[in-house]
Each structure stands twice: as C-alpha cells, then as structure tokens.
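For the sequence shown, position 11 matches number 11 in the UniProt record's numbering, and the numbering has no gaps at all. Note that the Cβ used here is the ideal one computed from N, Cα and C, for glycine as well. No experiment lies behind these values; they were computed from the predicted model shown.
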Amino acid sequence: SEAKHRISFFTQSLITTMPEPIPVDAMPTFTVLTPHYSEKILLSLQEIIREEDPTMCVMLLEYLKQLHTVKWDNFVKDTKILVEEAGMFAGPNAFGLDEKGQSKTDNLPFYCIGFKNATPEFTLRTRIWASLR
C-alpha cells in the first residue's frame, strides 16, 4: 500500500508542469539556509582557534579575519562597546587610553581572538561570528 502510494505520487509528479523560474533580480534578498542532518551550525572555540592539520599554519579564525577584514573590524568595535557598556574593564578606562592615545597592547586580545575577558558572552559572540562566515 505504501509502495503504491509512493509510486503513484512519483508518477503524478512527472506529468506536472514545472512553473517558470523567476529571474535572479526578482528573487528575495533574505534567504534562510536549513542545515543538513547533523551538520554543525555553531563551531566550538577550539575548532575556530586550532590549526586544521599539522601542515597548515593558519587557524580558521585568522583565515576568516583576512577574508572579511571590514566585518572583523566592525565586530571588534562592537565588542569593545559592549565591554565598555557592561563595565567589564580593568583600570580607569575600558581600552587603556592614556593622554597620548590608545595602547596597542590593550587592543591586542580584541583583534586576535575577538574578546579580552573569556566570559561566555564574548566567547559565544566570536563563535557565532566565525560560524556565520
């Protein structure tokens, strides 16, 4: 009975006329991709910052930062703003500013891994950023 139903459905689909495809310009810009069975949609922090194999010296995060430099810079700026708003900084100001300017060593963790304090909120932000790329 089930086999008859499936064959009947299949043969019916063969004689159904296909609608004309819409042009690419008329397609909606927002699309949702559905992951396949057991496909990873959120990478772990270890997967992002480890080297893929011993012969390669590039981490996934480094590759993504080079590929999407503008997006990474915007991500770092947003993270700094969140840190400042949350009051999660050490010292008199959030980013180690002195009278002469900004200290590059204070910004190094942000530009290397996307966060300075390894709180779950900020590590998750980096994981999501890398997973979406």
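- With distances taken between CA atoms, K77 lies nearest to T126 out of L14, M27, V24, T126.
- Around P35, the same chain offers I41 as residues with beta carbons nearer than 7 Å, after the five sequence neighbours per side are excluded.
- It is roughly 36 Å from the alpha-carbon of E121 to the alpha-carbon of M27.
- Minimum Cα-Cα distance from L132 among the listed residues M18, F10, T17, F75 corresponds to F75.
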